[in-house]
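J.: So the working numbering is basically just the index in the sequence shown, starting at one, shifted up by 67.
The structure follows.
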Amino acid sequence: MTPVRHVVVAVPARDEELVLGRCLAAIGRAVRDLAAHRSGIGVDVVVALDRCRDASASVVAAHPALAVTLDAGAAGAARHLAVTVGRSLPGASRAGSTATWLASTDADSEVPVHWLSEQVRLADAGHDLVVGTVEPHPDLAPGAAAAWRARHVLEEGHPHVHGANLGVRADAYDEAGGFPPWPTHEDVELVRRVRAAGRASVATDRLRVVTSARLVGRSPGGFAAYLGDLLVTPSAEVEPA
């Protein structure tokens with residue numbers, strides 16, 4: 068297995084100026100931790116600003132990240148654009164598709180400090196796909212929090228898929244056709260295609276991401292809507308990515 072030599076972090080955002088700074092600060096800590104554990108790996112962070120009408124671009128400008136814009140209104144299109152632009156930059160271009168790792172999170176999420184180090188370790192161990200877990204922020208409404216905990220056992224081999232905590236080798240991403248330009252569930256579809264192609268994958272709780280506990284989100288049918296539904300129907304069976 069070719070060792071990872073470059074990482075692209077893709078972050079879709081739509082009017083996230085209030086939380087984007089915390090997201091990028093957490094990614095910055097993860098980048099520094101990776102550098103401390105593995106020398107010679109470059110990282111590019113790309114934020115895809117999709118129909119943003121707020122000051123999200125100014126937030127990105129305050130961090131070591133690149134902002135790109137689109138008017139799709141779809142998380143899948145935004146993730147794919149961030150990946151595409153990141154891969155066109157010199158670091159990923161030099162590394163090539165087999166040595167480039169693509170990490171995905173969300174603008175309303177905060178990754179742990181070892182997020183990138185653990186993904187790269189798993190990639191170098193032979194995995195082409197890393198599917199992580201998320202948990203809502205502790206300020207989630209008590210009723211929804213209890214319902215969420217009743218339905219989630221965060222452990223190795225978990226069944227969940229979240230675009231807020233996902234990593235894939237670039238050549239496997241290409242083989243699967245990338246993120247489809249869908250408003251939601253683009254992450255589930257990418258994971259399905261990568262696994263269907265027979266690529267080595269791991270579902271792990273070792274790099275859990277904390278995501279927003281808001282009940283009204285930017286994507287209809289997304290994680291925020293799911294949390295809101297738990298207040299009404301605690302036994303809800305379908306969890307969006």
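Backbone N, C-alpha and C fix where the C-beta goes; we use that ideal spot for every residue, glycine too.
All of these numbers come straight from a predicted model, not from anything done at the bench.
Check Pro-247 in the structure and name its three-state DSSP category.
T.: The sequence position of residue 247 within the sequence shown is 180, counting from 1. Coil, per DSSP.
J.: Tell me whether Val-126 is buried or exposed, calling it buried when 16 or more other Cβ atoms sit within 10 Å of its Cβ.
T.: Taking the first residue of the sequence shown as position 1, residue 126 is located at position 59. Its Cβ being crowded by 16 or more others within 10 Å, Val-126 is buried.
J.: Do three or more CB pairs link the region 90-99 to the region 134-153 at distances below 8 angstroms?
T.: As far as the Cβ criterion goes, the region 90-99 does not touch the region 134-153, which means the pair count is below three.
J.: So is Gly-245 buried or exposed if we call it buried at 16+ other beta carbons inside 10 Å?
T.: For the purposes of this step, residue 245 is taken as residue 178 along the sequence shown, with counting starting at 1. So Gly-245 counts as buried.
J.: What is the rounded straight-line gap between the Cα of Arg-216 and the Cα of Glu-177?
T.: Sequence index remark: in the sequence shown, residue 216 carries index 149 (1-based). Sequence index remark: in the sequence shown, residue 177 carries index 110 (1-based). Roughly 19 angstroms between the two C-alpha positions.
J.: Should the region 263-275 be regarded as contacting the region 166-174, the criterion being three or more beta carbon pairs within less than 8 angstroms?
T.: As far as the Cβ criterion goes, the region 263-275 does not touch the region 166-174, which means the pair count is below three.
J.: Shortest alpha-carbon distance to Ala-196 belongs to which of Asp-254, Ala-92, Cys-119?
T.: Position 129 of the sequence shown holds residue 196. Per the sequence shown, the amino acid found at residue 196 is Leu instead of Ala. Looking at the Cα atoms, Asp-254 is the closest of the given residues.
J.: Could you give the residue range of the beta strand (DSSP E) that holds Leu-116?
T.: Looking up residue 116 in the sequence shown gives position 49. Here the beta strand (DSSP E) through Leu-116 covers 109-117.
J.: Assuming Thr-278 is part of the alpha helix (DSSP H), what are its boundary residues?
T.: Locating residue 278 in the sequence shown gives position 211, where the first residue counts as 1. Where Thr-278 is concerned, there is no enclosing alpha helix (DSSP H), although the beta strand (DSSP E) it sits in stretches over 276-278.
J.: Quick one: grab the DSSP three-state call for Leu-85.
T.: Mapped onto the sequence shown, residue 85 falls at position 18. Leu-85: coil per DSSP, three-state reduction.
J.: On a CA-only basis, which of Thr-200, Arg-72, Asp-121, Ala-144 is nearest Leu-101? Give me that one, please.
T.: Taking the sequence shown and counting its residues from 1, the one referred to as residue 101 is at position 34. For the residues Thr-200, Arg-72, Asp-121, Ala-144, the minimum Cα distance to Leu-101 belongs to Arg-72.
J.: I'd like the list of long-range same chain contacts for Arg-273, defined as Cβ closer than 7 angstroms, with 5 residues on each side in sequence excluded.
T.: For the purposes of this step, residue 273 is identified with residue 206 of the sequence shown, where counting begins at 1. So the list reads Glu-185, once near-sequence residues are dropped.
J.: Restricting to runs no shorter than 3 residues, where is the beta strand (DSSP E) found entirely within the region 184-267?
T.: The qualifying runs are 196-198, 201-203, 233-236.
J.: Give the range of the alpha helix (DSSP H) segment to which His-147 is assigned.
T.: In the sequence shown, residue 147 corresponds to position 80, counting from 1. Here the alpha helix (DSSP H) through His-147 covers 142-155.
J.: Considering only C-alpha positions, which residue in the set His-104, Leu-148, Ala-93 is nearest to Pro-131?
T.: Locating residue 131 in the sequence shown gives position 64, where the first residue counts as 1. Of the listed residues, the one whose Cα sits closest to Pro-131 is Ala-93.
J.: Considering only C-alpha positions, which residue in the set Glu-202, Arg-118, Gly-193, Ala-159 is nearest to Arg-218?
T.: Walking along the sequence shown from the start, residue 218 turns up at place 151. Of Glu-202, Arg-118, Gly-193, Ala-159, the residue nearest in Cα terms is Glu-202.
J.: Bridge partners of Val-75, per DSSP?
T.: Taking the sequence shown and counting its residues from 1, the one referred to as residue 75 is at position 8. Partner(s): Asp-111, Leu-169.
J.: Identify the residues that DSSP records as bridge partners of Ser-176: which are they?
T.: For the purposes of this step, residue 176 is taken as the residue at position 109 of the sequence shown. The partner list for Ser-176 (beta bridge, DSSP) reads Thr-278.
J.: Quick one: give me the first and last residue of the alpha helix (DSSP H) that Ala-128 is part of.
T.: Counted from its first residue, the sequence shown places residue 128 at position 61. Start and end: 123-128.
J.: Per DSSP, what kind of secondary structure is Ala-132 in: helix, strand or coil?
T.: As a working note, residue 132 is residue 65 in the sequence shown. The answer is coil: DSSP assigns Ala-132 none of H, G, I, E or B.
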